[in-house]
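Going by my numbering, the first residue of the sequence shown is number 180, and it counts up by one from there. C-beta atoms are modelled at their ideal positions from N, C-alpha and C, and glycine is treated no differently. Fair warning: this is a prediction, and the values are worked out from it, not measured in the lab.
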Amino acid sequence: MFNTVSVIGGDLRQLTLAEELVKDGYDVIIYGFTKEINTDDIPQTHDLKRALSADIVILPVPVSFDNVHINAPFSDEEPTIEDTAESINPLSIVFGGRISDHLSARLTARGIKHRDYMKRDELAIRNAIPTAEGAIELAISETPITVHGSKCLVLGYGKVGKILSRFLDGLGAQTYVQARKYADLALIEGHGCYPLTPNEVRSRIGEFDIIFNTVPSLILDKDVLTKINKDSLIIDLASKPGGVDFGTAKELGLRVIWALSLPGRVAPVTSGKIIKDTITNILSELEV
Numbered sequence: 180m181f182n183t184v185s186v187i188g189g190d191l192r193q194l195t196l197a198e199e200l201v202k203d204g205y206d207v208i209i210y211g212f213t214k215e216i217n218t219d220d221i222p223q224t225h226d227l228k229r230a231l232s233a234d235i236v237i238l239p240v241p242v243s244f245d246n247v248h249i250n251a252p253f254s255d256e257e258p259t260i261e262d263t264a265e266s267i268n269p270l271s272i273v274f275g276g277r278i279s280d281h282l283s284a285r286l287t288a289r290g291i292k293h294r295d296y297m298k299r300d301e302l303a304i305r306n307a308i309p310t311a312e313g314a315i316e317l318a319i320s321e322t323p324i325t326v327h328g329s330k331c332l333v334l335g336y337g338k339v340g341k342i343l344s345r346f347l348d349g350l351g352a353q354t355y356v357q358a359r360k361y362a363d364l365a366l367i368e369g370h371g372c373y374p375l376t377p378n379e380v381r382s383r384i385g386e387f388d389i390i391f392n393t394v395p396s397l398i399l400d401k402d403v404l405t406k407i408n409k410d411s412l413i414i415d416l417a418s419k420p421g422g423v424d425f426g427t428a429k430e431l432g433l434r435v436i437w438a439l440s441l442p443g444r445v446a447p448v449t450s451g452k453i454i455k456d457t458i459t460n461i462l463s464e465l466e467v
């Protein structure tokens, strides 16, 4: 029976996750929350090996920023990827967000079952809502104009692009959306926004007050950036490597915000519950 759970490192999302698992009846301990945060309601250990002996080990999102240390901003310790991979109970199930190929290979070599919860569609779809809300919050706070009546461009019509464009349209923005597929272009129009092909975006990029990128590949390259209005704000929502040539943007004096991990920053409680639900779904599929 998989009953003991350790939640290791991460931000406030992971604390909510731990609290929700306690409500579900799991025996939960946390590791990596020693700084400036109230964790009185959940047992905490300072012994990494004890934490890694649990039936279910939950690592943060992302697991690591530098591929050396576990992401643990509220910890006085600096647990490493190597120590973690070597010390995990081989009978555990390991969960993590954006597990690197290196860590995955290490776990596989030890025969440890592991799953990346960030690769799940149900999490990505539900996470699109706090991401979109956070992007709009940035647009409101970082521009001298209202979103209502502004001319906004959303690059990409995936999970985040769909939610974000709908929210912008609801706020009264003139909302343009770039997509490649003809079916998506038709859907964008059907949802009351203005569809644009990539070629149309290149010729009209200078028209927009706020540009939101959701595509995790270089889409705002030097050629495109030189055509953007200097008063525009670019908000890149894409995961690494992002979709903006940041060096060129800086040289051109363009304002760019690379808004990584917005769900954890703007809605950690909701995001923690989403992660918990996703892990519960995976455990159900694994029948443990």
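- Using a 10 angstroms sphere on the CB of Arg229, the tally of other CB atoms stays under 16, which defines it as exposed.
- The beta carbon of Thr213 sits closer than 6 Å to the beta carbons of Ser254 and Asp255 from its chain, once the five residues preceding and following it are set aside; these are given in chain order.
- Straight across, the Cα-Cα distance linking Ile315 with Arg289 is about 44 Å.
- Going by C-alpha positions, Val403 is about 52 Å away from Pro222.
- The beta carbon of Ile216 sits closer than 7 Å to those of Phe253, all from its chain and outside the five residues before and after it, given in chain order.
- Looking at the DSSP output, Gln223 bridges to Ile209.
- Between Val435 and Ile413 the beta-carbon gap is near 4 Å, inside 8 Å, which marks them as a contact.
- Taking 8 Å as the cut-off, the beta carbon of Thr287 is found no closer than this to the beta carbon of Ala233.
- With respect to the 8 Å criterion, Ile398 and Cys331 are not classified as neighbours on the basis of their beta carbons.
- Arg299 sits buried, since 16 or more C-beta atoms from the chains shown fall within 10 Å of its C-beta.
- Between Gly188 and Ala251, the gap from beta carbon to beta carbon is short of 8 Å.
- The secondary-structure analysis by DSSP pairs Asp295 across a beta bridge with Gly275.
- Cβ atoms of Gly451 and Glu199 come within 8 Å of each other, at about 7 Å.
- For His327, the number of other beta carbons within 10 angstroms of its own is below 16, and it is reported as exposed.
- Burial state of Leu465 is exposed, judged by a 10 Å Cβ sphere holding fewer than 16 other Cβ atoms.
- The C-beta distance from Thr457 to Leu302 rounds to 4 Å, short enough to fall under 8 Å.
- Sequence-distant partners of Thr259 (beyond 5 residues in either direction) whose C-beta falls short of 8 Å from its own C-beta, in its chain, are Val247, His248 and Ile249.
- Comparing alpha carbon positions, the residue from Thr354, Thr310, Pro239 and Leu227 closest to Leu196 is Pro239.
- Val403 sits in a helix when the DSSP states are folded into three classes.
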